[in-house]
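Everything in the sequence shown is counted per the working numbering, starting at 1024 for the first residue and increasing by one.
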Amino acid sequence: MMKWKKRVHLTDKQKISAYKEEIITLEQVDYSPLYSQDVAYHNYGYIHTFRVISDGLRLANMKQFMAGVLAGIWIGLVYVAVAYATFSITNASISKILTGAIFGSVILLISFLGGGFVTAHMWYNRTMFKKVERWSIFLKACGLVYAGNIIGIMIFTIIFQLSGALDHTSMIKLVDGVEVKWTLGNHIYESFGAAKLYEVGSAIKNGEALTASEVFKTIGYVFASAVLCNFLICLATQGSKSAKGNTVAAMIMYFLVLFYFAIGGYQHCVANWFGAWMLILRAISDPTTQHANMAWAFVAFNIIPAILGNFVGALIIGTFMGLFNKEFDTLLVKEARMKFLAEEIERIENKKMKVKK
């Protein structure tokens, strides 16, 4: 008969003692390779991405949130530029290339003006399973940045809608063989909204009831696309750090990866909030059943699967890159673990002092 091993609960004093012993062991390790400039570009990029994201998790709450807000506003600016640039283009290939070229510039705004995406934090998610960070710290940082991303995009889309540009920019377009007035709003709702809902979007547009098959297909498409999306987003940060301080090379790496991401139309849980907010605002300003259905369906069948897919994508590509840079990853994990243990000792001691008071 199998006997279950009882989990031993250590006292705070025992935890501190165990942590100090582990720190002494970790301090004996030679970490000098992590501080050398003479490593390969890909190793250098991996080392510094690990450190930048690790340090970023500990930024002040307001700084985390405002970084998210700024990135959200930059996303809105770039999406509107894409919408205007592709509004009257009928050639799908040219439209995609133009989208990629314009969308890639968002990373330049973030690099020079500030901002942050929750998907960049996700690069670090695999280290949670190696006990080098508390889940509470990681999830709080992700939550603050993501809340900022969502609110930043909301602020931009509300002001943009109030500007009247959605209805005042128009052209005559053939839709199902009939000439209709096609506005910038129609273009945004279609390209950044319904199109990202695949089968579900088509069913809602046609006034059809949703089937289980359509829902599961849409969720599957979004999830898989989101996995691939964060392959690229995570590599954008690492690629830029590989430039070893060369700003031009870093911007080229950033731009190229974002260019590929935009052309592929991959699902990004931050960028897709532009489409979500535009659909929500349309449902508020023109409350029809179809508009309301498109808005809630976008959040349920696009945003949520995209979050999960982005997380899994970061876990997969992060693990692969960790294995490829194994000799440095091992040292980085040990160094991060040592810092984590020191923080845990401080946290326990502070808790004891509060109890005494």
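Cβ atoms here follow ideal geometry from the backbone N, Cα and C, with glycine treated the same way.
Residue i burial status per 10 Å Cβ neighbour count (16 or more: buried)
i: M1376; result: exposed
i: L1136; result: exposed
i: M1024; result: In this prediction, M1024 has a pLDDT of 44, which is less than 50 and means its spatial position is unreliable; what the coordinates show is noted afterwards. By the neighbour-count rule (16 or more Cβ atoms within 10 Å), M1024 is not buried but exposed.
i: I1130; result: buried
i: L1185; result: exposed
i: H1210; result: buried
i: Y1042; result: buried
i: F1343; result: exposed
i: L1220; result: buried
i: R1149; result: buried
i: M1194; result: exposed
i: E1156; result: buried
i: I1182; result: exposed
i: H1442; result: Nothing in the structure corresponds to residue 1442, since the chain is present only between 1024 and 1380.
i: D1053; result: exposed
i: T1142; result: buried
i: D1061; result: exposed
i: I1133; result: buried
i: L1346; result: exposed
i: H1032; result: exposed
i: Y1058; result: exposed
i: I1242; result: buried
i: N1348; result: buried
i: T1034; result: exposed
i: A1115; result: exposed
i: N1373; result: exposed
i: I1098; result: buried
i: I1117; result: exposed
Reference residue i; option with closest CA among the options
i: I1173; options: Q1037, A1063, G1187, C1292; result: C1292
i: H1191; options: F1110, I1242, A1306; result: F1110
i: I1204; options: L1189, T1260, F1215; result: Rather than Ile, the amino acid found at residue 1204 in this sequence is Lys. Ranking the options by Cα distance to K1204, first place goes to L1189.
i: V1238; options: A1272, S1265, F1321; result: F1321
i: A1294; options: N1114, G1127, E1050, G1068; result: G1127
i: A1247; options: T1234, A1218, Q1290, E1213; result: Q1290
i: G974; options: A1094, G1208, E1202; result: Outside the displayed range of the chain (1024 to 1380) lies residue 974, so it cannot be described from this structure.
i: R1081; options: A1124, W1158, Y1064; result: W1158
i: I1047; options: E1369, K1362, E1372, R1370; result: K1362
i: S1263; options: S1040, S1055, Y1064; result: Y1064
i: I1096; options: V1356, N1373, M1177, L1354; result: M1177
i: A1318; options: E1350, R1370, E1213, A1164; result: E1213
i: N1229; options: A1235, S1236, A1217, K1240; result: A1217
i: W1296; options: A1365, T1180, F1334, K1240; result: T1180
i: I1340; options: F1324, Y1147, I1160; result: Y1147
i: A1235; options: L1167, K1163, F1324; result: F1324
i: L1049; options: L1364, F1215, G1123; result: L1364
i: H1314; options: F1334, I1227, E1358, A1337; result: I1227
i: E1366; options: G1099, I1160, K1119, L1100; result: I1160
i: G1138; options: A1164, L1093, C1165, G1099; result: L1093
i: A1288; options: R1360, K1119, G1079; result: Note on identity: in this sequence residue 1288 is Gly, with Ala being the wrong assignment. Here the closest residue by C-alpha is K1119.
i: S1077; options: A1106, C1165, A1232; result: C1165
i: L1233; options: Q1261, N1316, L1279, F1215; result: N1316
i: I1261; options: L1279, V1101, Y1244; result: The displayed chain sequence assigns Gln, not Ile, to residue 1261. Checking every option, the nearest Cα to that of Q1261 belongs to L1279.
i: L1100; options: E1231, M1085, I1125; result: I1125
i: K1163; options: A1083, Y1102, L1121, A1337; result: A1083
i: Y1244; options: L1338, T1206, N1333, K1357; result: N1333
Extent of the continuous alpha helix (DSSP H) run through residue i
i: G1345; result: 1327 to 1347
i: E1222; result: 1221 to 1228
i: A1188; result: 1188 to 1191
i: L1207; result: 1207 to 1214
Chain B within 9 Å of residue i, Cβ atoms only
i: G1187; result: Judged by its chain identifiers, the structure shown contains no chain B, having just a single protein chain.
* **Cβ pair count under 8 Å reaching 3, the region 1327 to 1341 against the region 1243 to 1261** => Short answer: they touch.
* Sufficient close CB pairs (3 or more, under 8 Å) joining the region 1296 to 1305 to the region 1274 to 1284 -> Taking one beta carbon from each stretch, the region 1296 to 1305 and the region 1274 to 1284 have fewer than 3 pairs nearer than 8 Å; the two do not touch.
* Every unbroken alpha helix (DSSP H) inside the region 1239 to 1318 [4 residues or more] -> Qualifying alpha helix (DSSP H) stretches, in chain order: 1270 to 1287, 1295 to 1308.
* Any chance you could list the alpha helix (DSSP H) runs of at least 4 consecutive residues sitting entirely within the region 1098 to 1173, in chain order? => Restricted to the region 1098 to 1173, the alpha helix (DSSP H) segments that are unbroken, complete and at least 4 residues in length are 1115 to 1126, 1129 to 1136, 1141 to 1144, listed in chain order.
* To do: For the region 1039 to 1063, list the alpha helix (DSSP H) runs that are entirely contained and at least 4 residues long, ordered along the chain.
  => Counting only runs of 4 or more, we get nothing.
* Three-pair Cβ contact test at 8 Å for the region 1168 to 1182 versus the region 1075 to 1090 -> These segments touch.
* Asked: Using 8 Å as the Cβ pair cut-off and three pairs as the minimum, do the region 1213 to 1227 and the region 1256 to 1266 touch?
  -> Counting Cβ pairs under 8 Å, fewer than three are found: no touch.
* Spell out a yes or no on whether the region 1068 to 1079 and the region 1110 to 1121 are touching, meaning 3 or more CB-CB pairs, one atom from each, closer than 8 Å. => As far as the Cβ criterion goes, the region 1068 to 1079 does not touch the region 1110 to 1121, which means the pair count is below three.
* the region 1263 to 1278 touching the region 1309 to 1317, judged by at least three CB pairs closer than 8 Å -> Because the criterion of three Cβ pairs below 8 Å is not met, the region 1263 to 1278 and the region 1309 to 1317 do not touch.
* Is the number of C-beta pairs between the region 1262 to 1270 and the region 1152 to 1166 that are closer than 8 Å three or more? -> Here the region 1262 to 1270 does not lie against the region 1152 to 1166, with fewer than 3 beta-carbon pairs under 8 Å apart.
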